[in-house]
Every structure is written in structure tokens, then in C-alpha cells.
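In the order they appear, the protein sequences are chains X and W. Note that the working numbering has the first sequence beginning at 10, numbered continuously upward. Note that the working numbering has the second sequence beginning at 10, numbered continuously upward.
2 protein chains.
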Amino acid sequence: MHAPSAALPMTPIGHIASDFPDKFGIPRQPGLAEAARARLVLAPPFDDPLAVRGLEAFSHLWLTFVFHLSPERWTPLVRPPRLGGNARVGVFASRSTHRPNRLGLSLVELVAIDTRAGVSLTLRGADLVDGTPVLDIKPYLPWAEARPEARAGFAPEAPAALPVRFTRDAEAALTARTDGDSLRALIAQVLAQDPRPAYRRGAEERVYGVRLRDLDVRFRAQADAEGNTLLEVVEIVAV
Amino acid sequence: MHAPSAALPMTPIGHIASDFPDKFGIPRQPGLAEAARARLVLAPPFDDPLAVRGLEAFSHLWLTFVFHLSPERWTPLVRPPRLGGNARVGVFASRSTHRPNRLGLSLVELVAIDTRAGVSLTLRGADLVDGTPVLDIKPYLPWAEARPEARAGFAPEAPAALPVRFTRDAEAALTARTDGDSLRALIAQVLAQDPRPAYRRGAEERVYGVRLRDLDVRFRAQADAEGNTLLEVVEIVAV
Numbered sequence: 010m011h012a013p014s015a016a017l018p019m020t021p022i023g024h025i026a027s028d029f030p031d032k033f034g035i036p037r038q039p040g041l042a043e044a045a046r047a048r049l050v051l052a053p054p055f056d057d058p059l060a061v062r063g064l065e066a067f068s069h070l071w072l073t074f075v076f077h078l079s080p081e082r083w084t085p086l087v088r089p090p091r092l093g094g095n096a097r098v099g100v101f102a103s104r105s106t107h108r109p110n111r112l113g114l115s116l117v118e119l120v121a122i123d124t125r126a127g128v129s130l131t132l133r134g135a136d137l138v139d140g141t142p143v144l145d146i147k148p149y150l151p152w153a154e155a156r157p158e159a160r161a162g163f164a165p166e167a168p169a170a171l172p173v174r175f176t177r178d179a180e181a182a183l184t185a186r187t188d189g190d191s192l193r194a195l196i197a198q199v200l201a202q203d204p205r206p207a208y209r210r211g212a213e214e215r216v217y218g219v220r221l222r223d224l225d226v227r228f229r230a231q232a233d234a235e236g237n238t239l240l241e242v243v244e245i246v247a248v
Numbered sequence: 010m011h012a013p014s015a016a017l018p019m020t021p022i023g024h025i026a027s028d029f030p031d032k033f034g035i036p037r038q039p040g041l042a043e044a045a046r047a048r049l050v051l052a053p054p055f056d057d058p059l060a061v062r063g064l065e066a067f068s069h070l071w072l073t074f075v076f077h078l079s080p081e082r083w084t085p086l087v088r089p090p091r092l093g094g095n096a097r098v099g100v101f102a103s104r105s106t107h108r109p110n111r112l113g114l115s116l117v118e119l120v121a122i123d124t125r126a127g128v129s130l131t132l133r134g135a136d137l138v139d140g141t142p143v144l145d146i147k148p149y150l151p152w153a154e155a156r157p158e159a160r161a162g163f164a165p166e167a168p169a170a171l172p173v174r175f176t177r178d179a180e181a182a183l184t185a186r187t188d189g190d191s192l193r194a195l196i197a198q199v200l201a202q203d204p205r206p207a208y209r210r211g212a213e214e215r216v217y218g219v220r221l222r223d224l225d226v227r228f229r230a231q232a233d234a235e236g237n238t239l240l241e242v243v244e245i246v247a248v
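Now the structure itself:
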């Protein structure tokens, strides 16, 4: 009665080019860093302009992709950052990257379609590492897929955003760049999600590095006058 | 810079058992036939109860699956039923089953989780043919994924539902069944979506058959007193 459980081979239809050369620091859901630039470049034979005809009438897309930098092994239980990195939930109750088939699903905004040479889609809000292989594009159907009333277990709302500030050195580095404005927004949005490992969030003195575009953005946690945590960008260096 | 486009093998984590033994008649999006019963039965080694721990706190799930009954060939342009079956749009601007990688994506309601022997999930609103191989389960996150404001191109709203009526013979067949009530609801919801091929919708005299559960449900289009189309169930027979 059931189809046999034979392996099903999948072929990437294209790859992502994005502001995130590394996994570390990527927002944990799409839409949290609107300033992040991403393009999906389709590969032959999928780069036929006909294959995206009519897509421009949709504002949002689903991308199904592979977490190709994650290990192929999986475990039944994972530790979501949302639960502080200690409590464990089932892998299918999470959006963890360490999952069977390593499939990811992202809702992204479609900004532009370029069909002058093959097909390239400009996306907004993508949470995808550079080089991610994409398996499918589907248009988003709000009447079928927008369910604001859904219960969302241990992740009932968007994560709180941390305040982010820049040292004078960091500001100077931004000013020197032609992409300084969009880079500043990107850094602020990425750090506001607090990329530090959940179990490390007490270790205030440590300096972390997040790679964005061609840069290493070095930051640390600080306490403000009321003792609340903020993240401070201490240095921005080319890599 | 890009990962190579080598084939990525996927393993089904489980299979669907549903009220739809055939493709014909399946609603074209999830949630349109709430009376449809479906279970997702996980396969070893994915049927570990730990892998679904915490999932019960989510009301809705994403299923990523394979349209295993669709042909492996794809074309850049498809003819969506929503456009009358004549106009063509790009395959990536559609949710057509005839697509590269044959990947499907369904938002379903989670009704119950049974972990007494392996793992079986009871689902509501699934639009999946019996035997569908499932590749992944992810919890639905309304704060990230409910975008009621999204523009949806040629499918801006749910398709209109046709009125459905039952002949006396069909009513008698329902009355004789222990599952008569749920079956009546299922038939009404499935036929309201008008499963007839879009290009055939003028051919009023033809009798179609939709397979639901262990039955063949035979119906035809009729005109009511005002000349509007309704679908009439003329016969319900065991197969």
C-alpha cells in the first residue's frame, strides 16, 4: 500500500548568494533581518525565464532548501535556542537545522526578477547562508497559509530584539564604506537577534565575530545603566 | 563558491494514510476539506516518540512531501486550473505537482499524536493522496509565516465553492454506512471544490467518479432553477 522507502534524489534548481558567508549570526527565522540582501540564481536547465512567468504578481515566496553546512546525522531531541539551549524538544517540533533530510523552509519577500541572463531573483528577509542549494520555489497563498490564530508552542512570538550600539571605531569603519547605510541596518538587525550561543549568555567579556558580506563584525555584550543587556559593535574588519 | 549541483538523496520519514486513494478529486490546497481524515505514520528510524516531543503544543504543521504519483518530467510552463486550464504560467509561479523535484508543501492541523507503537499523527485538512512519502515535519510559526497582506497573483483568494446535492440513491447509500455523517461532509467539501478538469466544465452530461475512502462517488454537473451550476452526487458505490 505504501510507496517503498527508497531514497528520492533531489537536484538543486539554484543557489543562494547572500550577505551571510557563515552560519553563525544568521537570524533564526526569515523576515527578522530585512536589510539582508539575497539573490537566488537558478541553474540550468531550471533557469528558463518561462519557469518564473507570473511570479512577479506574488509578493512572497516559499523556498525549500537544504541546510548543506549542517551535519547529516540527526538526533530525535534537539535544544532550541529559544529555550535557553538547555531544554530538549523533538526534532520535528523544532526548526533545527540538524534534522533528517536537512530540509529548510523560508518565507521570503520577492523584490525583483531578472531574466536578462538566466534567472535571478532578488529577495528580502532571507535567512540563508551564501551557497545554499535551493530545491523549490512556490508562491505564497495567504488565504491558505496565513493562520495568525495558530498556537506556536514554545515559540509563541517573535524573539525579543536586543538594543545594539556602535563604538566610535565601528562608526568610522561604516562611514568609510559605500554600503555603510545598508550595512549598519544589517548589523543592527542581525545583532538584535542575539546570535550568541544561548548557554553562553552570561559570559559578558567575550568578543564574538559575525561575518557579514566581506567583513568580520566584532561585538560583545554590555550592561546599560539599568543593568539590561545590549550588544556593542566594537570593531568592523575586512576578512 | 557554490556547492556542487550533485543530487541530494532524500529518505521518506513516513507515509500518509488518507481518504484519497486517487489523485483525482483531491482539493488543490490544504484546509479546503476539513472532513478529510489523514494520518502520518512515521517509519523507522524516524518513529521515535522523542522526535515529536513538544509537537502537541503547536496547532499547525508544515509537511514537506513528494508528489510521488506525478511524472518526473517537468516543463517551464503549466496551466493552473485557477486560470481555466488554458492560460500558462511558470511552474515556479504555481503550486503544480508537475515540477522539478516534485516537492509538495502543505499546512495541516495537528489533531492528535499517538506514540503507543511508533509515531502516528492524526491530521485535519490534509490534501494528500494515500501513500504520499513525507520528507519533513516542521511546526508552523504564525509570527513568521502568517502574512495575510501578501499579494497572491492569479490566486488572490480561496476558490469559490459550488453547491452540492445528493440524489435519493446517494442518500440511501450514506445512511447505510457507519461513517455516513463524516462521509457526507467529506463528499460535500471535495465536490464543492469542483474537481472536474477546468477545460471540461461545459460538458454537463458527463458523470465523473471521485474515489473517497473505499468508495467511488459518481457525480455530474447540473443547472439549478437560475441556471447556476451545482454538482449532484448520483451514486455511491463500493470499489
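Just so you know, even glycine gets a beta-carbon here, dropped at the ideal spot from N, CA and C. None of these values were measured; they are calculated from a predicted model.
* Report all residues from its chain with a CB closer than 6 Å to the CB of W:Pro36; omit the five preceding and five following residues, and keep chain order. => Here residue 36 of chain W is taken as the residue at index 27 of the second sequence, counted from 1. The residues are Ala42, Asp136, Gln202.
* What residue does the beta strand (DSSP E) around W:Gln202 start on, and which one ends it? -> Taking the second sequence and counting its residues from 1, the one referred to as residue 202 of chain W is at position 193. Counting along the chain, W:Gln202 falls outside any beta strand (DSSP E), and DSSP gives it neither H nor E.
* Measuring CB to CB, does W:Gly113 end up less than 9 Å from W:Val87? -> Within the second sequence, residue 113 of chain W is the residue found at index 104, counting from 1. Within the second sequence, residue 87 of chain W is the residue found at index 78, counting from 1. No. Outside cutoff.
* Measure the C-alpha to C-alpha separation of W:His24 and W:Gly40 and round it to an integer number of angstroms. => In the second sequence, the residue the question calls residue 24 of chain W occupies position 15. In the second sequence, the residue the question calls residue 40 of chain W occupies position 31. Whole-angstrom Cα-Cα distance: 19 Å.
* How many angstroms separate the CA atom of X:Ala164 from the CA atom of W:Ala170? -> If you number the first sequence from 1, residue 164 of chain X lands on position 155. If you number the second sequence from 1, residue 170 of chain W lands on position 161. Going by C-alpha positions, X:Ala164 is about 35 Å away from W:Ala170.
* To do: Could you name the residues of the same chain whose beta carbon sits closer than 7 Å to that of W:Glu65, not counting the 5 residues immediately before and after it, in chain order?
  => Residue 65 of chain W sits at position 56 when you count from the first residue of the second sequence. These residues qualify, in order along the chain: Ile122.
* To do: Would you give the residue range spanned by the alpha helix (DSSP H) that W:Asp178 belongs to?
  => Stepping through the second sequence from its first residue, residue 178 of chain W is reached at position 169. Per DSSP, W:Asp178 is one residue of the alpha helix (DSSP H) stretching across 177-184.
* **For X:Val143, the nearest candidate out of X:Val117, X:Arg125, X:Thr187, X:Pro168 (CA to CA)** => In the first sequence, the residue the question calls residue 143 of chain X occupies position 134. The shortest C-alpha separation from X:Val143 is found at X:Val117.
* Measuring CB to CB, does W:Trp83 end up less than 9 Å from W:Arg104? -> The sequence position of residue 83 of chain W within the second sequence is 74, counting from 1. The sequence position of residue 104 of chain W within the second sequence is 95, counting from 1. Contact: no.
* Asked: How many whole angstroms separate the CB atoms of W:Pro206 and W:Gly94, which I take to be in contact at a CB cut-off of 8 Å?
  -> As a working mapping, residue 206 of chain W is identified with position 197 in the second sequence. As a working mapping, residue 94 of chain W is identified with position 85 in the second sequence. The pair is a contact, with the Cβ atoms about 6 Å apart (cut-off 8 Å).
* Asked: Using a Cβ-Cβ cut-off of 7 Å (strictly less than) and excluding sequence neighbours within five positions of X:Ala44, which residues of its own chain qualify?
  -> For the purposes of this step, residue 44 of chain X is taken as residue 35 along the first sequence, with counting starting at 1. Here the set comprises Ser191, Ala194, Leu195, Gln198.
* Answer with yes or no whether the minimum CB distance from W:Ile35 to chain X is below 9 Å. => Here residue 35 of chain W corresponds to residue number 26 of the second sequence, with the count starting at 1. By this cut-off, W:Ile35 is not an interface position.
* Asked: Hey, X:Val173 and X:Leu224: beta-carbon distance below 9 Å or not?
  -> Residue mapping note: residue 173 of chain X aligns to position 164 of the first sequence, counting from 1. Residue mapping note: residue 224 of chain X aligns to position 215 of the first sequence, counting from 1. Cβ atoms of X:Val173 and X:Leu224: not closer than 9 Å.
* Measure the alpha-carbon distance for W:Gly34 versus W:Arg220 and round it to whole angstroms. => The sequence position of residue 34 of chain W within the second sequence is 25, counting from 1. The sequence position of residue 220 of chain W within the second sequence is 211, counting from 1. Looking at the two C-alpha atoms, the distance is approximately 8 Å.
* Taking Cβ-Cβ distances shorter than 7 Å, what residues in chain W pair up with X:Lys147? -> Against the first sequence, residue 147 of chain X aligns to sequence position 138. The answer, in chain order, is Arg104, Leu114.
* Of all the CB atoms in chain A, is at least one closer than 9 Å to the CB of X:His107? -> Included in the structure are the protein chains X and W, with no chain A among them.
* W:Glu214 versus chain X: which residues are under 7 Å apart at the beta carbon? -> Taking the second sequence and counting its residues from 1, one reaches residue 214 of chain W at position 205. By Cβ distance, chain X contributes nothing, its closest Cβ being about 33 Å from W:Glu214, past 7 Å.
* With distances taken between CB atoms, is the gap from W:Leu130 to W:His69 smaller than 9 Å? -> For this step, residue 130 of chain W is matched to residue 121 along the second sequence. For this step, residue 69 of chain W is matched to residue 60 along the second sequence. W:His69 is positioned such that its CB atom lies no closer than 9 Å to that of W:Leu130.
* Secondary structure, alpha helix (DSSP H): runs of 4+ residues fully inside the segment 122-168 of chain X -> 151-154
* **X:Glu216 versus X:Asn237 - alpha carbon distance** => Start at 1 with the first residue of the first sequence, and residue 216 of chain X comes out as number 207. Start at 1 with the first residue of the first sequence, and residue 237 of chain X comes out as number 228. For the record, residue 216 of chain X in the displayed sequence is Val; it is not Glu. Their Cα atoms are separated by approximately 18 Å.
* Identify which residue in X:Ile146, X:Asn110, X:Ala96, X:Ala16 has its Cα closest to the Cα of X:Phe67. => For the purposes of this step, residue 67 of chain X is taken as residue 58 along the first sequence, with counting starting at 1. Checking every option, the nearest Cα to that of X:Phe67 belongs to X:Ile146.
* Compare the Cα-Cα distances from W:Phe175 to each of W:Arg97, W:Val246, W:Glu241, W:Val98 and report the closest residue. => For the purposes of this step, residue 175 of chain W is identified with residue 166 of the second sequence, where counting begins at 1. Closest option to W:Phe175, Cα to Cα, is W:Glu241.
* Asked: What is the rounded straight-line gap between the Cα of W:Gly127 and the Cα of W:Ala60?
  -> Counted from its first residue, the second sequence places residue 127 of chain W at position 118. Counted from its first residue, the second sequence places residue 60 of chain W at position 51. Roughly 11 Å separates the two Cα atoms.
* Asked: Residues of chain W with a CB under 7 Å from the CB of X:Arg160: which are they?
  -> In the first sequence, the residue the question calls residue 160 of chain X occupies position 151. Within chain W, the residues near X:Arg160 are Ala66, Phe67, Ser68.
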